[in-house]
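Engineer: Protein chains in written order, with this note's numbering: chain S, 54 to 202; chain V, 54 to 202.
Number of protein chains: 2
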Amino acid sequence: MFGKNINKKLKDNDYRLTGQRTAILEVMMDNQGRHLSAEEVLVQAREKQPNIGIATVYRTLEKLAAIDILYKSMFNDDKYRYELNDDHNEHHHHHIVCLACGKIAELEDDLLCSLEGQLETQGFEVVDHELKFFVYCPECREKSKRVSP
Amino acid sequence: MFGKNINKKLKDNDYRLTGQRTAILEVMMDNQGRHLSAEEVLVQAREKQPNIGIATVYRTLEKLAAIDILYKSMFNDDKYRYELNDDHNEHHHHHIVCLACGKIAELEDDLLCSLEGQLETQGFEVVDHELKFFVYCPECREKSKRVSP
DNA sequence: TATATATTGATAATCATTATCATCCCCATT
DNA sequence: AATGGGGATGATAATGATTATCAATATATA
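1) Can you confirm whether Arg194 of chain V, when its beta carbon is compared against all beta carbons of chain S, has any partner nearer than 9 Å?
2) Under 9 Å, Cβ to Cβ, is there at least one residue of chain S near Phe177 of chain V?
3) 9 Å is my cut-off, CB to CB: does His141 of chain S come that close to chain V?
4) Under the DSSP definition of a beta bridge, which residues are partnered with Arg199 of chain S?
5) What does Asp121 of chain S touch in chain V if you count any residue whose Cβ is under 9 Å from its own?
6) Classify Arg87 of chain S as helix, strand or coil using the three-state DSSP reduction.
7) Can you list the beta strand (DSSP E) stretches of 3 or more residues lying completely in the stretch 156–197 of chain V, in chain order?
8) Check the C-beta distance from Phe186 of chain V over to Val96 of chain S and give it rounded, since I have them as a contact under 8 Å.
9) For His147 of chain S, count neighbouring C-beta atoms within 10 Å of its own C-beta (all shown protein chains included) and say buried if the count is 16 or more, exposed if not.
10) From the beta carbon of Asp181 of chain V, is the nearest beta carbon of chain S less than 9 Å away?
11) Could one say the Cβ of Glu136 of chain V lies closer than 9 Å to chain S's Cβ atoms, at least one of them?
12) Which one of S:Asp131, S:Arg74, S:Leu117, S:Ile122 has the shortest CA to CA distance from Asn104 of chain S?
13) May I ask you to report which of helix, strand or coil DSSP gives Met54 of chain S?
14) Give the range of the beta strand (DSSP E) segment to which Val136 of chain V is assigned.
15) Taking 9 Å as the CB-CB cut-off, is Lys116 of chain V touching chain S?
16) Can you tell which of S:Cys193, S:Tyr124, S:Glu136, S:Asp130 has its C-alpha closest to the C-alpha of Asp83 of chain S?
17) Assuming contact is defined by CB atoms lying nearer than 9 Å, are Cys190 of chain V and Phe177 of chain S in contact in what I supplied?
18) Please list, in chain order, the chain V residues whose beta carbon lies closer than 9 Å to that of Tyr189 of chain S.
19) Can you tell me whether His141 of chain S is buried or exposed, with buried defined as 16 or more other CB within 10 angstroms of its CB?
20) Residues in its own chain within less than 6 Å of Tyr208 of chain V by CB, not counting five upstream and five downstream?
21) Using a C-beta cutoff of 9 Å, does Met127 of chain V count as contacting chain S?
22) Distance, Cα to Cα, His144 of chain V vs His182 of chain V?
23) Candidates S:Asp131, S:Asp139, S:Glu79, S:Asp130: which alpha carbon is nearest Val110 of chain S's?
24) Taking the DSSP output, what are the residues bridged to Tyr124 of chain V?
25) Consider the Cβ of Ile149 of chain V: report whether some Cβ of chain S lies at a distance smaller than 9 Å.
Quick look at the structure:
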């Protein structure tokens with residue numbers, strides 16, 4: 054119903070698909086590539102399940118992140134955000150955060166394998182990594198050029 | 054009094070060095086390489102300035118991070134932590150976080166310049182980056198081997 | 001269908017952080 | 001040395017995100 058990988062994870066973890074959880078998963082799929090806060094998920098989920106409560110949203114997001122269907126992280130506004138884990142970027146999250154407009158871009162390729170290999174040589178077991186670049190994006194640089202010449 | 058670079062930053066930013074601020078800076082220097090929460094700073098600062106309050110600690114840490122004397126980040130426990138910015142790693146923070154014991158190691162070298170260069174070619178202005186590896190450290194792997202063989 | 005178990009929603013509780021505000025301290029000027 | 005003013009401080013209230021609680025519901029299985 055949600056794609057082979059997601060369904061497998063749900064089944065492997067014995068996770069009952071209630072109406073509320075379905076709504077939340079649908080919201081996350083509708084927003085592939087975006088990073089939603091619990092509050093934002095609530096608003097959209099209510100369009101599908103009008104009585105859903107914020108507690109259920111938090112519980113569900115937390116659980117879906119625990120079984121790797123979602124990825125949870127925080128940028129610069131003190132609230133956790135969740136994104137759908139596609140099968141490629143799972144465990145490899147690279148975010149490019151604009152310090153001016155907050156837009157988040159993704160870095161597609163993965164040049165970090167060699168670094169991970171190095172750590173494993175040193176005895177670490179690498180489970181995940183997260184790399185954030187804080188930037189001014191081309192649009193914001195352009196805008197600020199216009200404002201203060 | 055605190056090293057050439059720190060003094061310059063303080064002076065450039067017209068930042069008055071009160072007893073409380075001195076105490077906090079001393080605490081951060083006493084804990085070079087460690088990542089302290091506001092609460093932890095408070096406890097140690099009170100040994101030097103018994104009446105210092107938590108609000109002052111937050112204000113001071115925030116300000117010292119704003120002028121790049123400290124670096125602020127969050128790991129897996131929902132509270133901000135601060136570390137002294139040494140002159141080499143400033144704007145390049147690489148942390149290796151053990152998922153079992155929470156110990157934080159640092160990755161010294163910087164293999165990310167080429168990635169940054171790539172982004173700059175694409176029109177981004179890279180201000181900072183942060184890379185976290187989530188691992189099981191050698192000690193914890195050893196321990197867990199002993200527990201469940 | 002009955003019963004055990006999981007899930008939900010409302011709401012209270014928690015916890016880190018921020019805002020407020022009266023007081024204090026430090027420096028410059030008289 | 002006294003005075004005045006603006007920043008700094010500490011106590012504490014307020015905020016806001018997240019978590020815990022608990023009674024009510026829904027679901028699965030016997």
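The beta-carbon is built from N, C-alpha and C at its ideal position, and this holds for glycine as well.
Structural biologist: Checking against the coordinates, here is how it stands:
1) Residue 194 of chain V sits at position 141 when you count from the first residue of the second sequence. For Arg194 of chain V, the closest Cβ of chain S is nearer than 9 Å.
2) Residue mapping note: residue 177 of chain V aligns to position 124 of the second sequence, counting from 1. Chain S contact via Cβ: present.
3) For the purposes of this step, residue 141 of chain S is taken as residue 88 along the first sequence, with counting starting at 1. Not closer than 9 Å to any Cβ of chain V, the Cβ of His141 of chain S fails to qualify, so no.
4) As a working note, residue 199 of chain S is residue 146 in the first sequence. Arg199 of chain S is not bridged to any residue.
5) Sequence index remark: in the first sequence, residue 121 of chain S carries index 68 (1-based). Contact annotation for Asp121 of chain S against chain V: no contact, minimum CB-CB distance about 13 Å [criterion: below 9 Å].
6) The residue given as residue 87 of chain S occupies position 34 in the first sequence. Correct three-state label for Arg87 of chain S: coil.
7) Correct list: 157–159, 178–189.
8) As a first step, residue 186 of chain V is located in the second sequence; it is residue number 133 there, counting from the start. As a first step, residue 96 of chain S is located in the first sequence; it is residue number 43 there, counting from the start. Contact annotation, Phe186 of chain V with Val96 of chain S: C-beta distance approximately 34 Å; criterion of less than 8 Å not satisfied.
9) In the first sequence, residue 147 of chain S corresponds to position 94, counting from 1. His147 of chain S comes out buried.
10) For the purposes of this step, residue 181 of chain V is identified with residue 128 of the second sequence, where counting begins at 1. True, the Cβ-Cβ gap to chain S drops below 9 Å.
11) For the purposes of this step, residue 136 of chain V is identified with residue 83 of the second sequence, where counting begins at 1. Contact with chain S is absent for Glu136 of chain V, since none of that chain's Cβ atoms lies less than 9 Å from the residue's Cβ.
12) By one-based count along the first sequence, residue 104 of chain S stands at place 51. Of the candidates S:Asp131, S:Arg74, S:Leu117, S:Ile122, the one whose C-alpha sits nearest the C-alpha of Asn104 of chain S is S:Arg74.
13) Mapped onto the first sequence, residue 54 of chain S falls at position 1. Reduced to three states, the DSSP call for Met54 of chain S is coil.
14) By one-based count along the second sequence, residue 136 of chain V stands at place 83. In the sequence on display, residue 136 of chain V carries Glu and not Val. Note, Glu136 of chain V: beta strand (DSSP E), 133–137.
15) By 1-based counting over the second sequence, the position of residue 116 of chain V is 63. Lys116 of chain V has a beta carbon lying at 9 Å or more from every beta carbon in chain S.
16) The residue given as residue 83 of chain S occupies position 30 in the first sequence. Closest option to Asp83 of chain S, Cα to Cα, is S:Glu136.
17) In the second sequence, residue 190 of chain V corresponds to position 137, counting from 1. In the first sequence, residue 177 of chain S corresponds to position 124, counting from 1. Against a cut-off of 9 Å, the Cβ pair of Phe177 of chain S and Cys190 of chain V comes out as a contact.
18) The residue labelled residue 189 of chain S in the question sits at position 136 within the first sequence. Phe177, Glu178, Val179, Val180, listed in chain order.
19) Reading the first sequence from its first residue, position 88 is the one you call residue 141 of chain S. So His141 of chain S ends up on the exposed side.
20) This structure cannot settle anything about residue 208 of chain V, because the visible part of chain V is limited to 54 through 202.
21) Walking along the second sequence from the start, residue 127 of chain V turns up at place 74. Output row for Met127 of chain V: interface = yes.
22) Counting from 1 along the second sequence, the entry for residue 144 of chain V is found at position 91. Counting from 1 along the second sequence, the entry for residue 182 of chain V is found at position 129. Separation of His144 of chain V and His182 of chain V (C-alpha to C-alpha, rounded to the nearest whole angstrom) is 7 Å.
23) One-based indexing of the first sequence puts residue 110 of chain S at position 57. Considering only alpha carbons, the answer is S:Glu79.
24) As a first step, residue 124 of chain V must be located in the second sequence, where it is residue number 71. Tyr124 of chain V is bridged to V:Glu136.
25) Taking the first residue of the second sequence as position 1, residue 149 of chain V is located at position 96. Closer than 9 Å: yes.
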